[in-house]
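Shown next, in structure tokens, is the structure this report addresses.
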Ligand code: GDP
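In the UniProt record's numbering, the protein residues as written are 4 to 368.
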């Protein structure tokens with residue numbers, strides 16, 4: 004159950020966006036066994052393929068993949084030193100799998116900005132600095148430990164120390180740790196430190212209602228894009244206000260509203276899909292009369308572990324998977340037709356699942 008944390012300075016539109024997420028939320032009925040805390044929103048991952056499969060199979064029910072967002076309020080300058088909610092806030096970030104940083108790109112004289120003016124890059128840097136400071140503390144502690152290990156005669160620790168020193172330098176320059184992780188050794192050393200600046204991150208540029216469809220001329224958005232490009236990060240442009248209005252409408256009206264605004268899809272859907280990709284996730288399907296369902300797995304997952312998402316018994320007793328790609332299935336109209344053409348493959352334990360695989364697992368009970 005992967006989670007995206009929404010962070011940002013006060014008054015940038017986090018709660019507005021989060022409200023849109025909870026209002027648009029996945030049907031609670033689909034998640035009967037989850038208690039959901041007030042700052043967690045569960046949304047369906049939009050996927051047009053699921054609709055097509057539903058048309059084909061006419062199942063009793065359709066279950067989309069879900070994704071969790073957590074509203075992490077309370078980050079202010081000085082958080083790493085314990086200002087505001089400080090450390091508690093940072094501990095929340097440590098638990099999420101990816102971060103969506105909301106930056107204010109809308110002007111509104113009635114809404115004060117904590118730092119006095121609209122300047123998204125400064126805002127991003129304030130937050131980055133706090134996260135870097137928190138990570139710096141973590142890395143310093145580890146360096147102390149490793150130095151003791153070296154004194155105790157642990158030669159292997161020398162390599163670790165070199166890597167940690169490099170990371171310390173990066174963080175001291177207020178650069179996120181993800182900038183230096185480009186080899187396995189570094190990734191290995193940092194894995195257990197759960198650094199905040201190692202989390203995959205995307206930026207959410209919050210623009211005014213008027214700019215929801217055409218933020219092209221918004222100079223703040225341009226700056227955020229430029230900044231993000233240097234980090235290799237993605238930028239999603241949304242108007243949190245518009246999103247919260249859309250989320251209250253029934254589906255057909257929402258679609259009409261989007262068309263009126265000149266939008267193809269809601270900013271929220273864009274955000275959900277971008278987060279999905281950012282987390283390195285992909286989808287496989289199970290399809291039948293009772294249910295058509297999308298399942299979420301990390302890229303590179305093998306067939307038995309994918310089966311384990313459905314039930315641990317299926318993973319344990321895994322024999323093989325019968326798989327047809329979504330495209331082959333659609334081109335041929337029915338599963339039987341695809342099978343006739345030899346497009347339904349039998350895959351074994353080592354098969355690496357592909358996005359869009361429509362799968363039937365065979366297993367021993
Ligand atoms: P948070 O502190 O980051 O959670 O910010 P909020 O979501 O509470 O938003 C702060 C204020 O900005 C609220 O009064 C919102 O209504 C307003 N706001 C948020 N997004 C927009 C927007 O796109 N346009 C305008 N004009 N106001 C917005």
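All C-beta atoms in this analysis are idealised placements derived from N, C-alpha and C, irrespective of residue type, glycine included.
Computed from a prediction, not measured in an experiment: that's the story for all the values here.
Might you give, ordered along the chain, the residues of its own chain that have their beta carbon closer than 7 angstroms to the beta carbon of residue i, omitting 5 neighbours on each side?
| i | result |
| --- | --- |
| residue 282 | 5, 100, 101, 203 |
| residue 199 | 93, 96, 97, 134, 137, 138 |
| residue 19 | 243, 244, 247 |
| residue 75 | 8, 9, 10, 92, 95, 96 |
| residue 252 | 260 |
| residue 25 | 44 |
Run through DSSP, which three-state label would residue i get?
| i | result |
| --- | --- |
| residue 356 | coil |
| residue 368 | coil |
| residue 228 | helix |
| residue 42 | coil |
| residue 335 | helix |
| residue 407 | Here the chain has residues from 4 to 368 only, and residue 407 is not among them. |
| residue 131 | helix |
| residue 168 | helix |
| residue 8 | strand |
| residue 116 | coil |
| residue 349 | strand |
| residue 292 | coil |
| residue 286 | strand |
| residue 149 | helix |
| residue 75 | coil |
| residue 313 | helix |
| residue 80 | coil |
| residue 17 | helix |
| residue 321 | strand |
| residue 98 | helix |
| residue 182 | helix |
| residue 48 | coil |
| residue 144 | helix |
| residue 121 | coil |
Please report the straight-line C-alpha distance between residue i and residue j, rounded to a whole angstrom.
| i | j | result |
| --- | --- | --- |
| residue 346 | residue 331 | 7 angstroms |
| residue 255 | residue 189 | 49 angstroms |
| residue 121 | residue 209 | 12 angstroms |
| residue 220 | residue 145 | 46 angstroms |
| residue 321 | residue 352 | 8 angstroms |
| residue 196 | residue 313 | 31 angstroms |
| residue 341 | residue 56 | 14 angstroms |
| residue 228 | residue 58 | 39 angstroms |
| residue 52 | residue 294 | 14 angstroms |
| residue 109 | residue 211 | 5 angstroms |
| residue 141 | residue 163 | 14 angstroms |
By Cβ distance below 6 angstroms, which residues in the same chain neighbour residue i in space, the five residues on each side in sequence not counted?
| i | result |
| --- | --- |
| residue 126 | 12, 106 |
| residue 32 | In this prediction, residue 32 scores a pLDDT of 49, lower than 50, which makes its location untrustworthy; the coordinate-derived value is nonetheless stated afterwards. Counting only Cβ-Cβ distances below 6 angstroms, and skipping sequence neighbours, we find nothing. |
| residue 35 | With a pLDDT of 49 at residue 35, under the threshold of 50, the modelled position of that residue is not reliable, and the figure given next carries that caveat. Hits under 6 angstroms: none found. |
| residue 364 | 310, 317, 324 |
| residue 354 | 306 |
Who are the near neighbours of residue i in its chain, counting only those whose CB is closer than 8 angstroms to its CB and skipping five residues on each side?
| i | result |
| --- | --- |
| residue 277 | 205, 237, 239 |
| residue 48 | 67, 68, 69, 70, 275, 276, 279, 286, 297, 299 |
| residue 328 | 346, 357, 359, 360, 361 |
| residue 267 | 261 |
| residue 168 | 146 |
| residue 63 | 292, 293, 294 |
| residue 50 | 67, 68, 286, 297 |
| residue 258 | none |
Below 7 angstroms, is the gap between the Cβ of residue i and the nearest heavy atom of the ligand GDP?
| i | result |
| --- | --- |
| residue 420 | Residue 420 lies beyond the stretch modelled for the chain, which goes from 4 to 368, so this question has no answer here. |
| residue 111 | yes |
| residue 18 | yes |
| residue 11 | yes |
| residue 221 | no |
| residue 120 | no |
| residue 54 | no |
| residue 229 | no |
| residue 318 | no |
| residue 26 | no |
| residue 269 | no |
| residue 114 | yes |
| residue 243 | yes |
| residue 42 | no |
| residue 76 | yes |
| residue 131 | no |
| residue 256 | no |
| residue 212 | yes |
- Item | Sequence ranges, beta strand (DSSP E) only - wholly within the stretch 201-255, length at least 3 | Segments of the beta strand (DSSP E) lying fully in the stretch 201-255: 204-209, 238-241.
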